[in-house]
Amino acid sequence: MLKIAKFGGSSVANANQFKKVKKIIQSDSSRRFVVVSASGRESKEDNKVTDLLYLIEAHLKYSVDYIPLFELIKERFLSIKKELHLQYPIEEDLAQLQSELRKSMSTDYLVSRGEFLTAKLMAEYLGFPFVDAKDIISFRYDGKIDYDLTKLRLDHFLKNHDCFVMPGFYGSLPDGTIKTMSRGGSDITGSILARLLDADMYENWTDVSGILMADPRIVKNPKRIHTITYSELRELSYMGASVLHEEAIFPVKEKNIPINILNTNHPEEGGTIIVDEIKNDDSDQIITGIAGKKNFSVVAIYKNHMSDEIGIVRRALEVFENYRISIEHVPSGIDSFSIVVNTDDVKDVIYDIVSDIKKACNPDKVKVIDHISLISTVGRQMIYRPGISGKLFAVLGKNEINIRMIAQGSDEINIIVGVENKDFEKTISAIYNSFVIQ
Ligand code: ASP
């Protein structure tokens, strides 16, 4: 049995969190490969080391005094070292970093130091060897991971070691310079390692006991999702439920390695397991989760006998393409269709878009409806059960929620409704209360 254990920023926020990590690692001998994020925040008032590093970069750029920010980082690391009685001469590495700080330092190098220093401390504390991500995680110049080279380097390291702590979030380019991933990228590092080491499980330790069926700010005490498929999670995350970096799914998906989202503060609570496919699905919940996003605009295009006109949808879509605007949905009727986009993306150009659509499609009418929320009800079980959408629409009707748009993904694992922003919370609660078995 082999597990990759990735700990997020809040799990390594201070010495006390380090102790929890050690307990978790020591309680299961299959947890041999550890990835850490940079020390993050334990409470809302706290700072994330990575944020401070990005801020230092901005201060350097505009020649503003960055020392107070650097002091915060120093204090954080030194207090962890002191409380845990560690030997690693982190003062020297911090002093060197400070002496090298100047406008020309690469952003990627600077912000990667959060993970680097956190991993150094953690390695000593766990008694595991430290391995620098720059010597293992290899990028090609196009920014993609070079799996072959990464595997080669990993195998080389593992010839003499059977465990390690590695910083997440970065790797190196072919010329050896450091390249970071996008924010939250340590999740991806863990996933790459799980794939290359053929792990049985990728554990992602964070500060929540898994994924909830709905946003707890909207639904009171929502139930936890025990098992979810990668595709369901993708639908939910796209619509705003965020626990894991989206890109962390792809490396493990092909190998069908489950991801377990767990809580460093409450390991006993268990979490959510993400898998490719669920055999013998015995969940009694028809839906897996509900998520949504506000502020969409619907551009509705009407034209009599449109159904006979070839190319009209393409011409309308081309207008959006010309403005480099990404499209969310295209629900259609017989003599009309709508194009759903993010309001923020179109707000500065909407008059130009409407005018271009009029030229390109010669419609009878174009209408723009703003303040729309999209709410996605996700559930792999929905495909097999008739009447689910009927029930969903009935519930919204009973709650006097006006549905402005309906869409469904082709794999039928979700139903999306568009409602007015003012009905956003009400819609999520209504769906939750009528579908979720308590
Ligand atoms: N430390 C980085 C960030 O804050 C990466 C991570 O935490 O995964 O985005």
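For the sequence shown, the residue numbers in this note's numbering are 1125 to 1562.
For glycine and all other residues, C-beta sits at the position ideal for the given N, C-alpha and C.
Query                                                                                                    : Result
Rounded C-alpha distance that separates Y1186 from S1228                                                 : 12 Å
For P1340, the three-state DSSP class (helix, strand or coil)                                            : coil
Check whether A1162 and V1173 have beta carbons under 7 Å apart                                          : yes
Cβ separation of V1502 and L1368, assumed to be a contact under 8 Å, to the nearest whole Å              : With a Cβ gap of about 15 Å, V1502 and L1368 do not count as contacting.
Near the ligand ASP: R1307 beta-carbon under 6 Å from a heavy atom                                       : yes
CA nearest to the CA of D1494, picked from S1513, K1471, K1483 and S1479                                 : K1471
Reduced DSSP secondary structure (H/G/I, E/B, other) of Q1562                                            : coil
T1330 CB to nearest heavy atom of the ligand ASP below 6 Å                                               : no
Integer Cβ distance of L1245 from L1221, believed to fall under 8 Å                                      : L1245 to L1221, Cβ: 15 Å. No contact.
Cutoff 8 Å; reference T1563; Cβ partners in own chain excluding five residues on either side             : Outside the shown range of the chain, which is 1125 to 1562, sits residue 1563, and nothing can be said about it.
8 Å contact criterion, which I1537 and S1407 should meet: CB distance rounded                            : That pair is no contact at about 14 Å.
Option nearest G1457 by Cα separation, candidates Y1447, Y1426 and S1479                                 : Y1426
Counterpart residues of N1380 in DSSP-defined beta bridges                                               : Paired residue(s): none; N1380 is not in a bridge.
Meets three-Cβ-pair contact criterion under 8 Å: the stretch 1230-1238 and the stretch 1179-1198         : yes
Contact test: G1133 Cβ vs the ligand ASP heavy atom, cutoff 6 Å                                          : yes
Nearest candidate by alpha-carbon position, reference A1080, set D1547, N1545 and S1497                  : Any question about residue 1080 goes unanswered here, given that the chain covers just 1125 to 1562.
Buried versus exposed call for M1125 [16 or more other C-beta atoms within 10 Å across all chains shown] : exposed
Any non-hydrogen atom of the ligand ASP closer than 6 Å to A1243 Cβ                                      : no
Terminal residues of the beta strand (DSSP E) in which I1191 lies                                        : From DSSP, I1191 is part of no beta strand (DSSP E) but of the alpha helix (DSSP H) over I1191 to E1207.
Selection from N1138, I1555 and D1266 that minimises the alpha carbon distance to K1522                  : I1555
Counted within 10 angstroms of its Cβ, other Cβ atoms place V1443 as buried (16 or more) or exposed      : buried
contact_flag[the stretch 1197-1215, the stretch 1236-1250] where n(CB pairs < 8 Å) is 3 or more          : yes
Neighbourhood of K1377 by C-beta, 7 Å cutoff - its chain only, sequence neighbours within 5 removed      : Y1354 and D1400
Pick from M1430, S1154, M1337 and V1289 that is closest to I1561, judged by C-alpha positions            : M1337
Enclosing alpha helix (DSSP H) for I1451 [first to last residue]                                         : From DSSP, I1451 is part of no alpha helix (DSSP H) but of the beta strand (DSSP E) over I1451 to H1453.
Where D1494 falls: helix, strand or coil (DSSP)                                                          : strand
Inter-residue Cα distance where the pair is I1385 and K1483                                              : 51 Å
Rounded separation between I1477 and I1436 - CA only                                                     : 15 Å
Near the ligand ASP: F1142 beta-carbon under 6 Å from a heavy atom                                       : no
Alpha helix (DSSP H) segment containing V1145, residue limits                                            : A1139 to Q1150
Length-filtered (4 minimum) alpha helix (DSSP H) runs lying within the stretch 1203-1282                 : 1214-1224, 1231-1250 and 1271-1282
Pairwise C-alpha distance: N1138 and F1201                                                               : 8 Å
Contact under 7 Å by Cβ, V1519 with S1558                                                                : yes
Beta strand (DSSP E) segment containing T1412, residue limits                                            : Unbroken run through T1412: none, as it is neither H nor E.
Backbone CA spacing between V1473 and V1235 [nearest angstrom]                                           : 35 Å
Of the residues P1375, S1421, Q1505 and N1387, the one placed nearest N1404, counting alpha carbons only : Q1505
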